[in-house]
Amino acid sequence: MKISQDASIGNDQTVKTYWQRIKEYFDECNTSGHFRSSDSLRQCWSTINAERQKWFGCLSNVARMNPSGCY
Numbered sequence: 138m139k140i141s142q143d144a145s146i147g148n149d150q151t152v153k154t155y156w157q158r159i160k161e162y163f164d165e166c167n168t169s170g171h172f173r174s175s176d177s178l179r180q181c182w183s184t185i186n187a188e189r190q191k192w193f194g195c196l197s198n199v200a201r202m203n204p205s206g207c208y
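Residue numbering for the sequence shown follows my numbering, beginning at 138 and increasing consecutively.
In structure tokens, the structure reads:
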């Protein structure tokens, strides 16, 4: 969120620049000692996001099954 909501940058950045900024922030906060490239971080997010979308799809299906007024 810190990177995506930086008002000084806004949406005037390329995808490459965006992920490079994420990598720089990751490097600042990384205490594990593991190296990650911007491509590696992007792929990791892609995997997480795909699973997140499945989860919210299931959650939406369950919410639609719930009759109005019942919890």
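Using N, Cα and C, we set each Cβ at its ideal position, and we do this for glycine too. Bear in mind that the values here come from a model prediction, so they are computed numbers and not experimental data.
Inter-residue Cα distance where the pair is residue i and residue j
| i | j | result |
| --- | --- | --- |
| ASN167 | GLY194 | 32 Å |
| TYR162 | THR151 | 17 Å |
| ILE185 | LYS191 | 10 Å |
| ILE146 | ARG158 | 11 Å |
| LEU196 | CYS181 | 23 Å |
Beta-carbon separation (whole angstroms), residue i vs residue j, contact threshold 8 Å
| i | j | result |
| --- | --- | --- |
| TRP156 | ARG173 | At roughly 11 Å, the Cβ-Cβ gap does not stay under 8 Å, so TRP156 and ARG173 are not in contact. |
| LYS160 | SER175 | 4 Å |
Where the alpha helix (DSSP H) containing residue i begins and where it ends
| i | result |
| --- | --- |
| GLN190 | 175-202 |
| PHE172 | Element bounds for PHE172: n/a, residue is neither H nor E. |
| GLN157 | 152-166 |
Residue of the options minimising C-alpha distance to residue i
| i | options | result |
| --- | --- | --- |
| LYS153 | VAL199, ARG201, SER197, SER177 | SER177 |
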